[in-house]
Amino acid sequence: MKPINIKEKYTKFNKQWHPHQIALVDDMQVILAKISGEFVWHSHKDEDELFYVQKGTLYMRFRTSTELSINSNDGYKEWSETVQEGEIIVVPKGVEHCPTTKEGEEVHLLLFEKQNTAHTGEVQHEKTQTEYPKI
Ligand code: NI
Numbered sequence: 030m031k032p033i034n035i036k037e038k039y040t041k042f043n044k045q046w047h048p049h050q051i052a053l054v055d056d057m058q059v060i061l062a063k064i065s066g067e068f069v070w071h072s073h074k075d076e077d078e079l080f081y082v083q084k085g086t087l088y089m090r091f092r093t094s095t096e097l098s099i100n101s102n103d104g105y106k107e108w109s110e111t112v113q114e115g116e117i118i119v120v121p122k123g124v125e126h127c128p129t130t131k132e133g134e135e136v137h138l139l140l141f142e143k144q145n146t147a148h149t150g151e152v153q154h155e156k157t158q159t160e161y162p163k164i
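Here you go:
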């Protein structure tokens with residue numbers, strides 16, 4: 030039951046795209062991440078994800094597929110939301126998303142999500158992490 034200094038927690042890791050857990054709230058977790066560049070398209074079937082931008086600008090890309098996309102990329106409707114420092118965005122369950130930053134900019138995020146939320150949903154990628162260190 031001690032206060033958690035978020036700025037200080039960010040100094041405890043440097044690896045990008047590797048979430049670190051700073052608190053638990055029932056079955057939810059609060060995690061921090063440093064990101065730069067483009068992540069991996071994925072979705073979470075049963076979990077919403079909240080992203081709170083602590084530093085920099087996040088471009089949250091979304092896409093939904095239509096019948097046409099089964100055989101080509103033509104059927105994807107893709108758009109991006111710009112999330113400024115101090116703003117949050119909630120990604121609803123089931124919606125494909127890809128967090129992105131400006132080239133060369135490191136963005137600091139706080140995420141609030143269920144503890145069992147898989148990092149990249151059902152997608153396996155070299156960026157996929159299965160363990161989030163507690164700091
Ligand atoms: Ni996600």
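Residue numbers (the numbering used here): 30 to 164.
From the three backbone atoms N, C-alpha and C, an ideal C-beta is built for every residue, glycine too.
Asked                                                                                                  : Found
Contact belief for isoleucine 60 with isoleucine 51 at Cβ below 8 Å, rounded distance in angstroms     : 7 Å
For lysine 143: DSSP bridge partner residues                                                           : Met57
At least three beta-carbon pairs within less than 8 Å, the stretch 103-117 to the stretch 143-153      : no
Touching by the beta-carbon criterion (3+ pairs, under 8 Å), the stretch 152-160 and the stretch 77-90 : no
Any non-hydrogen atom of ligand 1 within 7 Å of valine 152 CB                                          : no
Proximity test, valine 120 beta-carbon vs ligand 3 heavy atom, cut-off 7 Å                             : This structure lacks ligand 3; the ligands present are ligand 1.
Range of the contiguous beta strand (DSSP E) that encloses tyrosine 88                                 : 87-93
Where proline 48 falls, given that 16 or more other Cβ within 10 Å makes a residue buried              : buried
Separation of aspartate 55 from valine 82, as counted between CA atoms                                 : 23 Å
Cα-Cα separation between valine 124 and phenylalanine 141, rounded to whole angstroms                  : 17 Å
Proximity to histidine 137 [Cα-Cα], best of Cys127, Gln45 and Thr93                                    : Gln45
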